[in-house]
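What follows is one structure encoded as structure tokens, with my remarks underneath.
Residue numbers (my numbering): 50 to 425.
The following block contains the structure:
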């Protein structure tokens with residue numbers, strides 16, 4: 050493992066970009082979608098099967114892993130890659146978003162956040178320094194700064210205070226991260242829906258200097274139109290020669306809209322969570338396999354899909370095992386959804402490389418607008 054961290058753009062089409070991130074553990078093709086392995090597992094999937102869908106990188110969760118099994122235990126057992134049997138790159142979030150969602154279980158100060166575990170009520174302190182320490186123990190390839198993210202809608206004063214606190218924490222994260230060759234630290238832009246606050250945040254992050262930059266504080270209740278309004282300008286405030294990561298997004302049309310506006314990396318629990326609840330993403334939109342219309346249907350979820358679920362199982366079978374709450378239903382539906390997401394990213398990379406992204410996007414929306422195939 051001699052390669053260092055780096056980013057190379059290979060083509061652009063409008064503001065859409067394609068390229069690669071090089072890490073000691075392998076290449077990440079961009080635009081990239083990162084399946085979420087919250088507790089050192091992508092739920093209902095074996096790591097080798099996640100890789101088979103086309104995923105180059107996974108996301109792990111600092112908050113959940115620090116509570117259980119504990120980052121010190123993961124370190125003693127050889128680090129997160131060995132622990133979960135995933136030898137390719139891993140990005141870990143900082144824990145800030147999960148702590149934000151604890152609401153009544155946390156106390157926020159300049160120093161950091163004091164919170165009670167949702168598991169056993171034990172008290173913990175999470176600071177920028179401690180977040181960097183935990184992520185170092187986990188051994189992730191891409192480390193995220195510790196930040197604070199208010200839910201939207203929120204008044205601009207609250208958003209401004211939160212953003213400036215996050216920028217002070219970004220500097221402390223940078224200082225605590227230190228010099229770790231082969232590992233990268235990403236800063237996180239905040240600022241809600243305000244162009245002025247987003248610009249102030251981007252300027253602060255550029256001044257500190259990071260290996261990549263995330264756009265945080267979106268997909269937290271503002272709606273797609275408002276999110277796209279921010280993405281119309283926010284990626285352009287960040288360095289062109291480094292990766293741009295939109296955190297916690299999203300639905301397929303969110304990914305397409307994000308790529309169109311210059312985003313390189315995404316993550317979301319949606320494909321795996323939806324799979325476990327019977328929702329399948331297809332070229333013609335979302336299919337709810339629990340609906341009775343599928344119970345006698347011998348056709349696959351998506352006839353154009355070559356994932357193991359669509360190659361080998363009918364809608365009737367998927368309907369049956371989902372209604373019967375059999376474990377295989379979560380496995381097959383999650384595999385299909387993750388495969389769909391990776392094919393989506395691959396098609397966008399190819400369209401950008403060939404200079405036909407707008408035509409590809411029009412076809413994507415037209416196909417989805419048709420809706421699911423007619424019942425038999």
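Quick reminder that beta carbons are idealized off the backbone N, C-alpha and C, glycines included.
Here the structure is a predicted model, which is why all the values come from computation and not from measurement.
- In the DSSP assignment, residue 296 falls outside any alpha helix (DSSP H), carrying neither H nor E.
- In the three-state reduction of the DSSP assignment, residue 380 falls in the helix class, which pools H, G and I.
- Taking 8 Å as the upper bound for CB-CB distance, residue 237 and residue 138 are not in contact here, some 18 Å apart.
- Here the alpha carbons of residue 192 and residue 262 stand approximately 11 Å from one another.
- A distance below 6 Å between beta-carbons, with the five flanking residues on each side excluded, links residue 211 to the following residues of its chain, in chain order: 197 and 199.
- Here the stretch 380-387 makes contact with the stretch 313-328; the two share three or more CB pairs at distances below 8 Å.
- The beta carbon of residue 381 sits closer than 7 Å to those of 358, 362 and 367, all from its chain and outside the five residues before and after it, given in chain order.
- Shown here, residue 317 sits in a strand according to DSSP, grouped into three states.
- Here residue 230 is exposed, its C-beta having fewer than 16 other C-beta atoms within 10 Å.
- Per DSSP, residue 121 is one residue of the alpha helix (DSSP H) stretching across 120-125.
- Here the alpha carbon of residue 123 sits roughly 43 Å from the alpha carbon of residue 343.
- By the Cβ test, the stretch 96-110 is not in contact with the stretch 334-353, since fewer than three Cβ pairs between them sit closer than 8 Å.
- Taken atom to atom, the span from the alpha-carbon of residue 234 to that of residue 401 is near 27 Å.
- Comparing alpha-carbon positions, the option among 315, 62 and 136 lying closest to residue 268 turns out to be 315.
- Between residue 80 and residue 312 the beta-carbon gap is near 7 Å, inside 8 Å, which marks them as a contact.
- Three or more Cβ pairs closer than 8 Å define a contact, and the stretch 266-284 meets that threshold against the stretch 303-311.
- Comparing C-alpha distances from residue 215 to each of 144, 165 and 278 shows the shortest one belongs to 144.
- Here residue 168 is exposed. Its C-beta has fewer than 16 other C-beta atoms within 10 Å.
- For residue 391, the closest alpha carbon among the candidates 420, 90, 61 and 301 is that of 301.
- Of the residues 113, 289, 275 and 328, the one whose Cα lies closest to the Cα of residue 379 is 328.
- Excluding its 5 nearest sequence neighbours in each direction, residue 60 has C-beta neighbours in its own chain below 7 Å: 67, 401 and 402, listed in chain order.
- Annotation note: the stretch 51-105 contains the following uninterrupted beta strand (DSSP E) runs of length 3 or greater, listed N- to C-terminal: 55-62, 65-72, 75-79 and 81-84.
- One thing to note: residue 107 has its Cβ no nearer than 8 Å to the Cβ of residue 187.
- By the neighbour-count criterion, in which a residue is buried when 16 or more other Cβ atoms sit within 10 angstroms of its Cβ, residue 172 is exposed.
- Residue 251 is classed as buried because its beta carbon has at least 16 other beta carbons within 10 Å across all chains shown.
- When secondary structure is reduced to three states using DSSP, residue 176 falls in the coil class, being assigned neither helix nor strand.
- Within the same chain, Cβ atoms closer than 6 Å to the Cβ of residue 92 are found at 321, the five residues on either side in sequence being excluded.
- Partner residues in the beta bridge of residue 237, as assigned by DSSP, are 263.
- In the DSSP assignment, residue 257 falls within the unbroken alpha helix (DSSP H) covering 244-257.
- Residue 331: member of the beta strand (DSSP E) spanning 328-331, first to last residue.
- A direct Cα-Cα distance of roughly 42 Å separates residue 166 from residue 351.
- Residue 165 has 172 as its beta-bridge partners, per DSSP.
- Put simply, of 82, 330, 147 and 179 the residue whose alpha carbon is nearest the alpha carbon of residue 121 is 179.
- Excluding the 5 residues flanking it on each side, residue 162 has same chain C-beta neighbours closer than 6 Å at 148, 155 and 175, in chain order.
- When 278, 332 and 242 are compared, the shortest CA-CA separation from residue 422 is found for 332.
- Bounds of the alpha helix (DSSP H) holding residue 111 are 111-116.
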